[in-house]
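Residue numbers (the working numbering), protein chains in the order written: chain A, 1 to 324; chain B, 1001 to 1324.
Positions of the beta carbon are idealized from the N, C-alpha and C atoms, including for glycine.
Please read all numbers here as calculations on a predicted model, not as lab measurements.
Here the structure comes first, spelled out in structure tokens, and everything after it is commentary.
2 protein chains.
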Amino acid sequence: MEADIAMDMLEEIRVIINANLESLIEEQKAIFGEVAEVSGNVLLAGGKRLRPIVTYLVYQMAGGDDIDAILPLAMAFELIHTATLVHDDINDNSSVRRGKPTMHSMVGQSKAIIGGDWLFVQGFGLGGIYNEDVVKVMANCCAKIASAEFMQIDHVLNLATSPEDYLEIVKGKTAGPFAAAAKGAAMVADLDSTESDKLFEFGMELGIAFQLVDDLLDVVGDERIGKPRGIDVYEGKMTLPLIHALTILHGDEREELESIITNFDDSKFERLIQLLEIGGSINYSEILVNNHLERASQYLEEFDDCDAKSLLQFVASMVKNRNS
Amino acid sequence: MEADIAMDMLEEIRVIINANLESLIEEQKAIFGEVAEVSGNVLLAGGKRLRPIVTYLVYQMAGGDDIDAILPLAMAFELIHTATLVHDDINDNSSVRRGKPTMHSMVGQSKAIIGGDWLFVQGFGLGGIYNEDVVKVMANCCAKIASAEFMQIDHVLNLATSPEDYLEIVKGKTAGPFAAAAKGAAMVADLDSTESDKLFEFGMELGIAFQLVDDLLDVVGDERIGKPRGIDVYEGKMTLPLIHALTILHGDEREELESIITNFDDSKFERLIQLLEIGGSINYSEILVNNHLERASQYLEEFDDCDAKSLLQFVASMVKNRNS
């Protein structure tokens, strides 16, 4: 499929999802007032809508043809994602998200905790039309997000974080929701459990690649067109390039890297990048992105060719080439 | 029904609920590790289990006889209740709950935000076996808790808080979950919507009375056997006795009361009580407790007499006479 056609088709899906999220918030504002308004503002402030897009496309590829049957699940994953962002932003003390002030910097921490809860609840409320197994996939995914976040908190500035620790955190926090969205969509389309599990793995691989690219953007991103750099390092988050470089470098360079990570400020950014280059850590992360995307693609292979499948492959290529 | 028999029967139900909550947490600890452990500790630290008990008894009174069909809903309401306590304790900066350190004072605020999320998610996960309408009742209840908490935050130390504002907050935050638990239980027992709605109102009246007693305990409770006094006043929460006294008193007494509420400390407690007595505000609150419990009782009248109904009436009398 041509890239510009794919972009147009994805944009159409994004428009549908956004329109439905907007009507949901409009409805809820009338009932729940300010909490719906401020939570809705974060939800509607933009975002790539990747989780609902994956949900929607997997459902179509799996033979589903009733958009009303899948939209609530697609929206649920975006609501839950936004809920975790609101609570993460409190925990990371972040003041900006998607180019706008974070909820807690607008309305204070107390309301932001409650606002995040409200978004979670809306997500699960939308899950009510699905059967027990689909709800279990959603709930298990959310519980894993929480356990991965605990682990991430414990690994802040932990220079002994292993690639296995890293992968466990990423699988729970970032990739798990993609996996659950894809599996849930397959279940709603009535695929059997072998096939749903394959789509779970597809989502997982796609999500791992997504996080790896996120890690890379934090060190090599172009700030003019994308997200600001160095935020993860400031927050003491052990991203894969750092973990890899800490493993590879030794002697003075390793000591220097430790000292940069532990006392990071902007003036040390250039030297940090040099050390990551010396360790081959950026290159290593890029190779891993490709590996995970390739595996993601393999899970799609046995499904019949169709637009939805081509679009999922296109989403994978977007994940690799994204700059924000 | 004799009080001691009723107490024994309620204790039996509490034991069943506690045992099921314990096995749930044991199971989840194996999967989710620390987040399940610390959240489980709060859940299992005690508590009256009033919401699950009401859920269970309403289901029985409504003719339900399959305990496995109602236990997940009963537990869900306790999990959701505990989730809100964890987040409330952060917002109120409380260090003790149910005689033990609060989650955030044990593991820090970041983990406590996530721990509360985990409890919410577990609650909704248990809701997966129910149909869309029951899930809607749960989700609507939780969303209302959030909007009521927003309102409560806005009314901290707001001396112009009206009884109507107060009632709206109480209905959303405290009484709503009792109402939703009772309605949900009725729906699971296949009652029609007229009857389920009556049980919703039963739960609402019971819950309002419960909160009014809570307000009273904050000013007239016996600390030796129950909860510490004055906490609500310290936190700037506008409880009904305060709202009533602010309405009734005038001149110097009103000014004095304003000053006590706005700059509260322990030394002013005795004078606060005197002013509430002068305003007749404690007596007024006690009358309201009786009125709401009487209305709760009326909603039960048309159901056939049975043990579950007698026990619900007994629960209402316990709400009135509780000291913690």
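Neighbour flag for residue i against chain B, beta carbons, 8 angstroms
i: S147 of chain A; result: yes
i: G33 of chain A; result: yes
i: V135 of chain A; result: yes
i: G125 of chain A; result: yes
i: F150 of chain A; result: yes
i: K100 of chain A; result: no
i: A139 of chain A; result: yes
Inter-residue Cα distance where the pair is residue i and residue j
i: L1071 of chain B; j: P1052 of chain B; result: 8 angstroms
i: A1030 of chain B; j: D92 of chain A; result: 28 angstroms
i: S196 of chain A; j: H155 of chain A; result: 32 angstroms
i: A1209 of chain B; j: D65 of chain A; result: 50 angstroms
i: Q267 of chain A; j: S1039 of chain B; result: For clarity, residue 267 of chain A is Ser in the given sequence; the question names Gln instead. Approximately 41 angstroms between the Cα atoms of the pair.
i: S105 of chain A; j: V121 of chain A; result: 22 angstroms
i: V1035 of chain B; j: D305 of chain A; result: 42 angstroms
i: E78 of chain A; j: S1094 of chain B; result: 32 angstroms
i: T321 of chain A; j: M61 of chain A; result: A quick correction: the sequence has Asn, not Thr, at residue 321 of chain A. So the alpha carbons of these two residues sit roughly 23 angstroms apart.
i: D1008 of chain B; j: F1314 of chain B; result: 12 angstroms
i: D192 of chain A; j: A308 of chain A; result: 19 angstroms
i: C1141 of chain B; j: L1206 of chain B; result: 16 angstroms
i: L242 of chain A; j: I273 of chain A; result: 10 angstroms
i: A245 of chain A; j: G280 of chain A; result: 7 angstroms
i: M151 of chain A; j: D1265 of chain B; result: 41 angstroms
i: S1004 of chain B; j: L50 of chain A; result: At residue 1004 of chain B the sequence reads Asp, which differs from the Ser that was named. Whole-angstrom Cα-Cα distance: 59 angstroms.
i: H250 of chain A; j: N263 of chain A; result: 19 angstroms
i: A1006 of chain B; j: G116 of chain A; result: 40 angstroms
Coil, strand or helix - residue i by DSSP
i: V1156 of chain B; result: coil
i: K1309 of chain B; result: helix
i: K1100 of chain B; result: strand
i: A45 of chain A; result: coil
i: D89 of chain A; result: helix
i: G1280 of chain B; result: coil
i: F1264 of chain B; result: coil
i: L1191 of chain B; result: coil
i: Y59 of chain A; result: helix
i: S1105 of chain B; result: helix
i: K1237 of chain B; result: coil
i: T1161 of chain B; result: coil
i: G1116 of chain B; result: helix
i: M1 of chain A; result: coil
Contacts of residue i in chain B (Cβ-Cβ under 7 angstroms)
i: D326 of chain A; result: Lying outside 1 to 324, the shown extent of chain A, residue 326 of chain A is not represented and no answer is given.
i: S162 of chain A; result: The contacting residues do not exist; S162 of chain A stays about 17 angstroms from chain B at best.
i: I328 of chain A; result: Residue 328 of chain A is absent from the model: chain A starts at 1 and stops at 324.
Contacts that residue i makes with chain A (C-beta to C-beta distance below 7 angstroms)
i: S1105 of chain B; result: Near S1105 of chain B there are no residues of chain A at all, since even the closest Cβ is about 16 angstroms away, more than 7 angstroms.
i: S1110 of chain B; result: N91, I153
Contact with chain A by residue i, beta-carbon distance below 8 angstroms
i: K1171 of chain B; result: no
i: A996 of chain B; result: One cannot answer for residue 996 of chain B here, as it falls past the ends of chain B, which runs 1001 to 1324.
Contacts that residue i makes with chain B (C-beta to C-beta distance below 9 angstroms)
i: A185 of chain A; result: Under the 9 angstroms cutoff, chain B gives no residues; its nearest Cβ is about 17 angstroms from A185 of chain A.
i: E132 of chain A; result: G1128, I1129, Y1130
Best match in the options for proximity to residue i [C-alpha to C-alpha]
i: I67 of chain A; options: A:I114, A:A189, A:S105; result: A:A189
i: Y56 of chain A; options: A:A76, A:E270, A:G47; result: A:A76
i: I1248 of chain B; options: B:I1278, B:T1161, B:G1203; result: B:I1278
i: G1128 of chain B; options: B:N1041, B:N1020, B:A1069; result: B:A1069
i: K144 of chain A; options: B:M1001, B:E1302, B:N1131, B:G1125; result: B:G1125
i: T1082 of chain B; options: B:V1107, B:V1058, B:N1041, B:G1063; result: B:N1041
i: D1089 of chain B; options: B:E1255, B:E1253, B:A1112, B:S1259; result: B:A1112
i: I1153 of chain B; options: B:F1178, B:L1217, B:L1119, B:D1232; result: B:D1232
i: L1275 of chain B; options: B:V1135, B:S1259, B:E1253; result: B:E1253
i: Y130 of chain A; options: A:A185, A:E168, A:I80; result: A:A185
i: Y284 of chain A; options: A:G99, A:L21, A:L216, A:C142; result: A:L216
i: D1218 of chain B; options: B:F1200, B:L1240, B:V1086; result: B:L1240
i: S23 of chain A; options: A:L43, A:E286, A:M318; result: A:L43
i: I260 of chain A; options: A:L159, A:Q109, A:L119; result: A:L159
i: G1099 of chain B; options: B:P1228, B:E1255, B:M1238; result: B:P1228
i: V1170 of chain B; options: B:G1203, B:A1139, B:M1138; result: B:G1203
i: L73 of chain A; options: A:R271, A:A182, A:E301; result: A:A182
i: D214 of chain A; options: A:G63, A:S310, A:F303, A:L288; result: A:L288
Any C-beta of chain C under 8 angstroms from that of residue i
i: L1312 of chain B; result: The structure shown has no chain C; the protein chains it does contain are A and B.
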